[in-house]
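In UniProt numbering, the protein residues as written are 1 to 470.
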């Protein structure tokens, strides 16, 4: 019973669950802000009513999602002080800098102009009003970069020095911190993945209405945009993921070895990538696998004859560097989360490619299962992002800050397991209730569909945007 009340274990579960829950809203916020900006731009440039309708329609979904993202993100900030105070004391001077930029610069930009966008429809000129939603998009994207830069420090600590007198890490160069190689590689990979999630929502929503033969004028172009966005963003995610893997191997070779469950250093054809593996529960012995020769070497080094270090070799190196201990993450988690991330993302891209083929030259599929597959495909990219985050964070273990601070040393010393358990249960119940509200609001907005087209002015013939209370 005592092990289940371990403050470290419960604190890790709490932060993991709240982060996953928060991450349900972040990709949609980033992706939908761009989507709404694109639709509104199309309306301003063409004056076609269908783009105005789509702007309002996806704008409602965006704002519902944005509100939930803000609420769930605040809780994460509190946990650094409540459950991880030793971590905050040790690296707060470094880790807090990009978070301060995120709050003072990015979030204020985002929050200010989202207000102007909501209430400025009948008060601002069209182009000025359009600029507000683009600034919201810039703000949400910048916010993501600062948060990724903070996380990149945990993966690859740079721009710091240890103050022995105070027993903490101190920032030496903000430019170096923000240009961390891990951040530069992870940011485009993450942003493209966010666009995939947004594209998945557009595809599912448009397919739901087209399957019912309703809102055809608006949902046809929405479906086409969603399909193309999925393919383009999918290609971008793949290419940037390749760059991230190179940076990851350079900074954390153990993570790549754990992703393949590679215990012995391999070169060339022996550095193969397993598509599927059955092994013993501890992951040490392989019973059956389907492998692609040279692929792991290519992914890790961009060379067919490159060398990939194995877990056993790296473990020995880390013992020499950091002292006795087990520096291996949970192998089955890293192995399968890496593959599920890839498989789910690729599957969603294939759904989009199939949709583009079936809807070419204005065609609409007749088979109901095609539409149902499109409707239910939405969670694929979102699930891929979540398991990708699990891989990123679990693959870093046992380090909280790689090479500097172990996870067990970052937990708050004065917090008991019972206290963490109570807050964990409370957060779970509150978040569960909020999830039901969020889900019902979005479903209601989706099922209602776009508003009717505005009526042109009787004299000028100009179409004015209807003032919408979101």
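C-beta atoms are modelled at their ideal positions from N, C-alpha and C, and glycine is treated no differently. In this text the structure is predicted, and so the values were computed from the model without any measurement.
Do residue 405 and residue 90 have their C-beta atoms closer together than 8 Å? Here residue 405 refers to the residue found at position 405 when the chain shown is read from its first residue. Here residue 90 refers to the residue found at position 90 when the chain shown is read from its first residue. Yes, these two residues count as a Cβ contact at 8 Å.
Assuming residue 169 and residue 94 are in contact, meaning their beta carbons sit under 8 Å apart, how far apart are those beta carbons, in whole angstroms? Counting from one through the chain shown, the residue named residue 169 turns up at place 169. Counting from one through the chain shown, the residue named residue 94 turns up at place 94. Between residue 94 and residue 169 the Cβ distance is about 5 Å, and since that is below 8 Å, they are a contact.
Rounded to a whole number of angstroms, what is the C-alpha to C-alpha distance between residue 100 and residue 230? For the purposes of this step, residue 100 is taken as the residue at position 100 of the chain shown. For the purposes of this step, residue 230 is taken as the residue at position 230 of the chain shown. About 33 Å.
Look at residue 449 and residue 57 and say whether their C-beta atoms are less than 8 Å apart. Sequence index remark: in the chain shown, residue 449 carries index 449 (1-based). Sequence index remark: in the chain shown, residue 57 carries index 57 (1-based). Against a cut-off of 8 Å, the Cβ pair of residue 57 and residue 449 comes out as a contact.
Using C-beta distances below 7 Å, list every residue in its chain close to residue 304, excluding the 5 sequence neighbours before and after it, in chain order. The sequence position of residue 304 within the chain shown is 304, counting from 1. If we look at residue 304 and ignore the five residues flanking it on each side, its Cβ neighbours are 268, 294, 297, 298.
The alpha helix (DSSP H) enclosing residue 421, as first and last residue numbers: Indexing the chain shown from 1 puts residue 421 at position 421. Per DSSP, residue 421 belongs to the alpha helix (DSSP H) from 417-448.
Using a 10 Å radius around the Cβ and a threshold of 16 neighbouring Cβ atoms, would you call residue 321 buried or exposed? Position 321 of the chain shown, counted from the start, is the residue given in the question as residue 321. Exposed.
State the Cα-Cα distance for the pair residue 129 and residue 59, rounded to the nearest angstrom. Position 129 of the chain shown, counted from the first residue, corresponds to residue 129. Position 59 of the chain shown, counted from the first residue, corresponds to residue 59. In a straight line, the C-alpha of residue 129 is about 14 Å away from that of residue 59.
Could you check where the alpha helix (DSSP H) with residue 10 kicks off and where it finishes? Stepping through the chain shown from its first residue, residue 10 is reached at position 10. 7-23 is the extent of the alpha helix (DSSP H) around residue 10.
Cutting at 6 Å between CB atoms, please list the residues of its own chain near residue 11, excluding the five before and the five after it. As a working note, residue 11 is residue 11 in the chain shown. 83, 411, 420, listed in sequence order.
Buried or exposed for residue 492, please, with buried defined as at least 16 other CB atoms from any protein chain shown within 10 angstroms of its CB. There is no way to answer for residue 492, as the model of the chain reaches only from 1 to 470.
Can you check which of these residues, 133, 134, 140, is closest to residue 104 by C-alpha distance? Position 104 of the chain shown, counted from the start, is the residue given in the question as residue 104. Residue 104 has its Cα closest to that of 140, out of 133, 134, 140.
Do residue 31 and residue 205 have their beta-carbon atoms positioned less than 8 Å apart in this structure? Locating residue 205 in the chain shown gives position 205, counting from the first residue. Locating residue 31 in the chain shown gives position 31, counting from the first residue. The answer is no: Cβ separation not under 8 Å.
Going by DSSP, name the residue or residues bridged to residue 406. Working through the chain shown from its first residue, we reach residue 406 at position 406. For residue 406, which the question treats as bridged, DSSP gives the partners 399.
Cα-Cα separation, residue 255 to residue 330: Taking the first residue of the chain shown as position 1, residue 255 is located at position 255. Taking the first residue of the chain shown as position 1, residue 330 is located at position 330. Cα to Cα, the separation comes out at about 10 Å.
Which word fits residue 46, buried or exposed, when buried means at least 16 other C-beta atoms lie within 10 angstroms of its C-beta? Here residue 46 is taken as the residue at index 46 of the chain shown, counted from 1. Residue 46 is exposed by the Cβ-count criterion.
Which two residues bound the contiguous beta strand (DSSP E) that contains residue 169? Working through the chain shown from its first residue, we reach residue 169 at position 169. Here the beta strand (DSSP E) through residue 169 covers 168-171.
Straight-line CA distance for residue 467 to residue 121? Locating residue 467 in the chain shown gives position 467, counting from the first residue. Locating residue 121 in the chain shown gives position 121, counting from the first residue. Any answer about residue 467 is weak, because its pLDDT of 45 lies below 50 and its placement is not dependable; what the coordinates show is given next. Approximately 6 Å between the Cα atoms of the pair.
On the DSSP bridge list, what partners appear for residue 266? Working through the chain shown from its first residue, we reach residue 266 at position 266. Bridge partners of residue 266: 308.
Segment contact, 8 Å Cβ cut-off, at least three pairs: the stretch 174-182 with the stretch 147-158: yes
From residue 418 to residue 176, what does the alpha carbon distance come to, in whole angstroms? Translated into positions along the chain shown, residue 418 becomes position 418. Translated into positions along the chain shown, residue 176 becomes position 176. In a straight line, the C-alpha of residue 418 is about 41 Å away from that of residue 176.
Using the Cα positions of residue 70 and residue 438, report the straight-line distance between them to the nearest angstrom. Within the chain shown, numbered from 1, the residue matching residue 70 stands at position 70. Within the chain shown, numbered from 1, the residue matching residue 438 stands at position 438. Those two C-alpha atoms are separated by around 13 Å.
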